[in-house]
């Protein structure tokens, strides 16, 4: 197995020997073969040189005054930066115990002095080729592992998309059908019996048609918002204080109507999608404004804590709370825990929050006590 000169010239060999004559001889042999040769006169110099710029291979003498070759090899193999470098011992110590100690300390080969030049060249070539093949194998393995992770992610995304499709089909067949049937039913009554109806009855039926139309419009808008969560769009630097401020601006009418008190702790800057994060806060704060106890103004706290590599946001309220048995279905599409005539909604908002948070690499969960309030938590990676 012969490496051509174009490969050799790219390989760096660190030669370590405390005798200058030996260094010159080995350097000449390897330089003539096209290798880049670096020299070290002691074990400590060798360790420093290897850590500053790791060579492709080390030719290492055993008997040296400061650190012997075995100690140098052990330290190289203990360092993550240099442990992959093949070490060939080159020593006058030719007894079996000496050779065994060399291999035990992490050496790849052992050449005894006096040596044949051709033997040194062939063994250097051999171990450089092994190292090159091993590095290629590791790269291919890393690539394969990444492909497996990508495949798993694609399969998960496909499963999620299939689930979304099923839920969209449910929306079309059930959730959208209900307001549509109301519109058609009351429209038929008006068209067929208009002359027989009083003005009050006509007004009532028209109002029911408007209500059904508004509900259908809200459902369609929420479905579009859910479907348009873009998990692939590049992230930008987002100031969460501004995000919450904009969400509150959008909810100003409901805040004034309910007399809510809202406390906000200083929030961090992260990488994300501003419009989608506004939607998350708007949905969570909007729920806190909606699901209130009778005659108890909403009391809402928005805060954050730094976790391990992530920010954990909290939106806490003093509302009606949620029974823990409903936690699992809370973030699914079209899941409404209350009658729509008392607490209107489409059952899509929290599912949208979950999709947005997960697309940012985070997670969302809830803690609650019925009659005492609810706290929604969601995490986002630290910038």
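In this note's numbering, the protein residues as written are 38 to 420.
Using N, Cα and C, we set each Cβ at its ideal position, and we do this for glycine too.
In this text, all values refer to a predicted model and were calculated from it rather than measured experimentally.
query                                                                                                                                                                              : result
Along the alpha helix (DSSP H) that carries residue 394, what are the first and last residues, could you check?                                                                    : 386 to 396
Can you give, in chain order, each stretch of the beta strand (DSSP E) that sits fully within the stretch 223 to 303 and has at least 3 residues?                                  : 273 to 276 and 298 to 301
Can you tell me whether residue 86 is helix, strand or coil according to DSSP?                                                                                                     : helix
Does DSSP classify residue 116 as helix, strand or coil?                                                                                                                           : coil
Apart from the five residues on each side of it in sequence, which residues of its chain come closer than 7 angstroms, Cβ to Cβ, to residue 56?                                    : none
Taking only runs of the beta strand (DSSP E) that begin and end inside the stretch 317 to 381, which ones reach a length of at least 3 residues, in chain order?                   : 336 to 343 and 347 to 353
Strictly by DSSP, which residues pair up with residue 404?                                                                                                                         : 412
Apply the 10 Å Cβ neighbour rule to residue 66 and answer buried if 16 or more other Cβ atoms are within range, or exposed otherwise.                                              : buried
Leaving out five residues before and five after residue 149 in sequence, what residues of the same chain have Cβ atoms less than 6 angstroms from its Cβ?                          : 131
In whole angstroms, what separates the C-alpha of residue 118 from that of residue 93?                                                                                             : 12 angstroms
Nearest CA to the CA of residue 116: which residue from 126, 143 and 168?                                                                                                          : 143
Where do the N-terminal and C-terminal ends of the alpha helix (DSSP H) with residue 139 fall, by residue?                                                                         : 133 to 141
Can you tell which of 138, 394, 405 and 70 has the C-alpha that lies nearest to the C-alpha of residue 272?                                                                        : 394
What is the DSSP secondary structure of residue 77, counted as helix, strand or coil?                                                                                              : strand
May I have the straight-line CA-CA distance separating residue 376 from residue 328, to the nearest angstrom?                                                                      : The predicted position of residue 376 is uncertain, since its pLDDT is 48 and thus under 50; a value taken from the coordinates is nonetheless stated next. Rounded to whole angstroms, residue 376 to residue 328 spans 12 angstroms at the Cα level.
Between the C-alpha atoms of residue 345 and residue 323, what's the straight-line distance to the nearest angstrom?                                                               : 29 angstroms
Would you check if there are 3 or more beta carbon pairs closer than 8 angstroms linking the stretch 315 to 322 to the stretch 272 to 284?                                         : yes
Does the Cβ-Cβ distance between residue 285 and residue 326 come in under 8 angstroms?                                                                                             : no
Tell me residue 308's beta-bridge partners as DSSP assigns them.                                                                                                                   : 274
Does DSSP put residue 147 in a helix, a strand or coil?                                                                                                                            : strand
Report the CB separation of residue 96 from residue 106 in whole angstroms; it is logged as a contact under 8 angstroms.                                                           : In fact, because the Cβ distance is near 10 angstroms, the residues do not count as touching under 8 angstroms.
Should residue 58 be labelled buried (16 or more other beta-carbon atoms within 10 Å of its own) or exposed?                                                                       : exposed
Look at the alpha carbon of residue 217 and the alpha carbon of residue 236, and state the distance between them as a whole number of angstroms.                                   : 24 angstroms
Return the chain-ordered list of same chain residues with a C-beta closer than 8 angstroms to the C-beta of residue 420, the five sequence neighbours on each side being excluded. : 274, 305, 306, 307 and 308
Mark residue 90 as exposed unless 16 or more other C-beta atoms lie within 10 angstroms of its C-beta, in which case mark it buried.                                               : exposed
DSSP puts residue 174 in a beta bridge; with which residues?                                                                                                                       : Looking at the DSSP assignment, residue 174 forms no beta bridge with any residue, so it has no partner.
Which of helix, strand or coil does DSSP assign to residue 122?                                                                                                                    : coil
Mark residue 159 as exposed unless 16 or more other C-beta atoms lie within 10 angstroms of its C-beta, in which case mark it buried.                                              : exposed
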